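K.L.:
Numbering (the UniProt record's numbering), first residue to last: 1 to 541.
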């Protein structure tokens, strides 16, 4: 009896649902453990500071430079509940990064993934270095990735069931994505074009109440977007201007390529961080093409036969000819949802890769929007060889994730973009121990964030740039901070120390030693530095 119960217990432990729960628990640990291990990135500090201003002063107005309002309102809300800190600022990205993995399960339940596909997709989402890193990072991109998958799951649930609540959930997901960042329209266009294709080819049919449902979902989406972009009614004029503001700013950024890079920028990041995923996605793509070659040949043969049939030049005849060639007849055949989901994922992946290769702004967090569909493509027909790659790849991904997300030091990795150096902890320790601080440089972030509030900022005098040496000395400071490229050889009565402010890794840092860098991840980093002058004489108060 005991042996039978033990067998049932072990079977339960190995059920797909149980394995999925284990992956979800690992996801929680990787997202939330030591969440404030690293200092805020420049952008994180800016976002947190604006959220703090919204909380303490009630001031916010949409500015496309800093993306949509969702992040600021959501973060300010968390600050009001749990207090303002680095850890609290990263709670929402970590939470949505966890829910992103959970959204794979409904795809399995609806029949779009089999159990192995579900587990591998969830595992890759949980362990991907890029997914983990930017789920522990106060930027909008993990929000967009989550809302994109939520929109997809809700839309598929709606098409399967015809229930209004799923249409409303899809509308809400689209609205929150639109309120988070200006690249959500890219997702909507990719999804929308494939929806049109599915309707045209009758792979998909709309529920009888689709007009009502889409109208209500659109009203909900429009209302949510208007609330956020109007700053909840404080700036109603922005609602009609936000689109033009966003297009104007980001087309300008695309043109000047402020943060430019080659078209293959993201392919480099895939090779650096996501090798098992891109390898399996390539195999999945080739396998899908091979599996569909026979049906494609059959369609081409049918076209050749139809070409022998005379076609009238009248509009109605031309329309009938197009319909017969490109649309399947009603009632049509039943399509395999798993095959169709992979077909959609391939379209989603290629469209995303192409669009982000073209866009002039090249930054590592944009890899997420290409990585998500790639993970689904990587799950196509998981045979024994692919499962071996999954097992080995899991170890590779986990090792790289531990390196990029949990190393409590500066790391020579392009995924950090321009990360604030851990040297700043020493700078802030000296600031905390000082009574009067002069900052004679415009390189101020993230100090604005870390010394937010009148009580902390009151002992700091900010000059906004290099100041007259005499004026600085007359300020009776016991700590002076300057940019090392616009500094002083010495200041009388002060000891000078040069420390990194922020750092980065680009091709220029690794050229001539790319293979060595790829294996060891060791190279000199580019950096911006502070000259910190500490008084060696008592301060007169």
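Glycine is no exception: its CB is placed at the ideal position from the N, C-alpha and C atoms. Because the structure is a prediction, the values reported are computed rather than measured.
1. On the DSSP bridge assignment, give the partners of residue 496 in chain order.
2. Note down, in chain order, each residue of its chain lying with its Cβ closer than 7 angstroms to the Cβ of residue 494, except the 5 sequence neighbours on either side.
3. Got a sec? Which residues, its chain only, sit under 6 angstroms from residue 82 by beta carbon, not counting five neighbours each side?
4. Under three-state DSSP, which class holds residue 449?
5. Need the endpoints of the beta strand (DSSP E) that residue 438 sits in, please.
6. Which first and last residues belong to the alpha helix (DSSP H) in which residue 479 is found?
7. Using DSSP with H/G/I as helix, E/B as strand and the rest coil, what is residue 254?
8. Please report how far the alpha carbon of residue 202 lies from the alpha carbon of residue 289, in whole angstroms.
9. Of all the beta strand (DSSP E) runs that stay within the bounds of the segment 363 to 449, which reach a length of 3 or more residues?
10. Give every residue of the same chain whose Cβ lies closer than 7 angstroms to the Cβ of residue 348, excluding the five residues on either side of it in the sequence, and list them in chain order.
11. Take the Cβ of residue 143 as the centre, count every other Cβ of all protein chains shown within 10 Å, and call the residue buried at 16 or more, exposed below.
12. So residue 213 and residue 164 are supposed to be a Cβ contact under 8 angstroms. How far apart are they, rounded?
13. Is it right to say residue 309 is buried, meaning 16 or more other beta carbons lie within 10 angstroms of its own, or is it exposed?
14. Using beta-carbon positions only, say whether residue 284 and residue 378 come within less than 7 angstroms of one another.
15. Quick one, are the C-beta atoms of residue 459 and residue 425 less than 7 angstroms apart?
16. Name the residue from 156, 28, 397 and 497 whose alpha carbon lies nearest to the alpha carbon of residue 120.
17. DSSP beta-bridge partners for residue 526?
18. What's the call for residue 64, buried or exposed, on a 16-neighbour Cβ count within 10 Å?
19. Name, in chain order, the residues that DSSP records as bridge partners for residue 486.
20. Going by DSSP in three states, residue 542 sits in which element: helix, strand or coil?
21. Roughly how many angstroms separate the alpha carbons of residue 457 and residue 438, rounded to a whole number?
22. Answer yes or no: do residue 130 and residue 371 have a C-beta to C-beta separation smaller than 7 angstroms?
23. Which first and last residues belong to the alpha helix (DSSP H) in which residue 542 is found?
24. Rounded to whole angstroms, what's the CA-CA distance from residue 266 to residue 364? Just pull it up for me.
25. For residue 266, name the three-state secondary structure that DSSP assigns.
26. Which term fits residue 271, buried or exposed, when burial requires 16 or more other beta carbons within 10 angstroms of its beta carbon?
27. Within 10 Å of its beta-carbon, does residue 34 have 16 or more other beta-carbons around it, so buried, or fewer, so exposed?
28. Report yes or no: do the segment 66 to 83 and the segment 42 to 49 share at least 3 C-beta pairs separated by less than 8 angstroms?
29. Kindly give me the distance between the Cβ atoms of residue 118 and residue 276, rounded to whole angstroms, as I take these residues to be in contact under 8 angstroms.
30. What does a CB cutoff of less than 8 angstroms around residue 185 pick up in its chain, not counting 5 residues either side in sequence?
31. Would residue 162 and residue 106 qualify as a contact pair, given that the criterion is a beta-carbon distance under 7 angstroms?
32. If you draw a straight line from the alpha carbon of residue 356 to that of residue 99, how long is it in whole angstroms?
33. Under 6 angstroms: does the beta carbon of residue 512 sit that close to some heavy atom of the ligand ZN?
34. In the DSSP assignment, find the beta strand (DSSP E) that holds residue 462 and state where it starts and stops.
35. What whole-angstrom Cβ distance do residue 442 and residue 465 have, given they're in contact under 8 angstroms?
36. Since residue 503 contacts residue 470 with CB under 8 angstroms, what's their CB separation in whole angstroms?
P.N.:
According to the data block:
1. What you label residue 496 is simply residue 496 of the chain shown in a count that begins at 1. Per DSSP, 533.
2. Against the chain shown, residue 494 aligns to sequence position 494. Excluding residues within five positions, the ones whose Cβ falls inside 7 angstroms are 480, 533, 534, 535 and 536.
3. For the purposes of this step, residue 82 is taken as the residue at position 82 of the chain shown. Excluding positions up to five away in sequence, the list reads 88.
4. Start at 1 with the first residue of the chain shown, and residue 449 comes out as number 449. Three-state result, residue 449: helix.
5. For the purposes of this step, residue 438 is identified with residue 438 of the chain shown, where counting begins at 1. Residue 438 -> beta strand (DSSP E) spans 437 to 440.
6. As a working mapping, residue 479 is identified with position 479 in the chain shown. Run containing residue 479: none in the alpha helix (DSSP H); it sits in the beta strand (DSSP E), 479 to 483.
7. Reading the chain shown from its first residue, position 254 is the one you call residue 254. Reduced to three states, the DSSP call for residue 254 is helix.
8. Counting from 1 along the chain shown, the entry for residue 202 is found at position 202. Counting from 1 along the chain shown, the entry for residue 289 is found at position 289. The straight-line gap from Cα to Cα measures roughly 21 angstroms.
9. 437 to 440
10. Residue mapping note: residue 348 aligns to position 348 of the chain shown, counting from 1. So the qualifying residues of the chain are 190 and 373.
11. Position 143 of the chain shown, counting from 1, holds the residue named residue 143. So residue 143 counts as buried.
12. Numbered from 1 along the chain shown, position 213 holds the residue referred to as residue 213. Numbered from 1 along the chain shown, position 164 holds the residue referred to as residue 164. Indeed they touch by this definition, with Cβ atoms about 5 angstroms apart.
13. By 1-based counting over the chain shown, the position of residue 309 is 309. The predicted position of residue 309 is uncertain, since its pLDDT is 48 and thus under 50; a value taken from the coordinates is nonetheless stated next. Answer is exposed; the Cβ neighbour count stays below 16.
14. Here residue 284 refers to the residue found at position 284 of the chain shown. Here residue 378 refers to the residue found at position 378 of the chain shown. Yes, Cβ-Cβ distance for residue 284 and residue 378 is below 7 angstroms.
15. In the chain shown, counting from the first residue as 1, residue 459 sits at position 459. In the chain shown, counting from the first residue as 1, residue 425 sits at position 425. Cβ distance not < 7 angstroms, so residue 459 and residue 425 don't count as in contact.
16. Reading the chain shown from its first residue, position 120 is the one you call residue 120. With distances taken between Cα atoms, residue 120 lies closest to 397.
17. In the chain shown, counting from the first residue as 1, residue 526 sits at position 526. Answer is 504, bridged to residue 526.
18. By one-based count along the chain shown, residue 64 stands at place 64. With 16 or more Cβ atoms within 10 Å of its Cβ, residue 64 is classed as buried.
19. Reading the chain shown from its first residue, position 486 is the one you call residue 486. In DSSP, residue 486 forms a bridge with 483.
20. Any answer about residue 542 is impossible in this case: the structure gives the chain only from 1 up to 541.
21. Here residue 457 refers to the residue found at position 457 when the chain shown is read from its first residue. Here residue 438 refers to the residue found at position 438 when the chain shown is read from its first residue. Looking at the two C-alpha atoms, the distance is approximately 11 angstroms.
22. As a working mapping, residue 130 is identified with position 130 in the chain shown. As a working mapping, residue 371 is identified with position 371 in the chain shown. Yes.
23. Within the shown structure, residues of the chain are numbered from 1 to 541, placing residue 542 beyond reach of any answer.
24. Here the question's residue 266 lines up with position 266 in the chain shown. Here the question's residue 364 lines up with position 364 in the chain shown. Distance between the alpha carbons of residue 266 and residue 364: 7 angstroms.
25. Position 266 of the chain shown, counted from the first residue, corresponds to residue 266. Residue 266 falls in the helix class under three-state DSSP.
26. Here residue 271 refers to the residue found at position 271 of the chain shown. That one is exposed.
27. For the purposes of this step, residue 34 is taken as the residue at position 34 of the chain shown. When all chains shown are included, residue 34 counts as exposed.
28. yes
29. The residue given as residue 118 occupies position 118 in the chain shown. The residue given as residue 276 occupies position 276 in the chain shown. Incorrect: roughly 17 angstroms between the Cβ atoms, too far for contact.
30. Taking the first residue of the chain shown as 1, we reach residue 185 at position 185. So the qualifying residues of the chain are 178.
31. Taking the first residue of the chain shown as position 1, residue 162 is located at position 162. Taking the first residue of the chain shown as position 1, residue 106 is located at position 106. No, they are not a contact pair.
32. For this step, residue 356 is matched to residue 356 along the chain shown. For this step, residue 99 is matched to residue 99 along the chain shown. Cα-Cα distance, rounded: 25 angstroms.
33. Because no ligand of any kind appears in the structure shown, any question about the ligand ZN cannot be addressed here.
34. Walking along the chain shown from the start, residue 462 turns up at place 462. Segment 460 to 462, the beta strand (DSSP E) holding residue 462.
35. Indexing the chain shown from 1 puts residue 442 at position 442. Indexing the chain shown from 1 puts residue 465 at position 465. Rounded, the Cβ-Cβ distance is 5 angstroms, consistent with contact.
36. Along the chain shown, one-based indexing puts residue 503 at 503. Along the chain shown, one-based indexing puts residue 470 at 470. By a beta-carbon distance limit of 8 angstroms, residue 503 does not contact residue 470. Their separation comes to about 33 angstroms.
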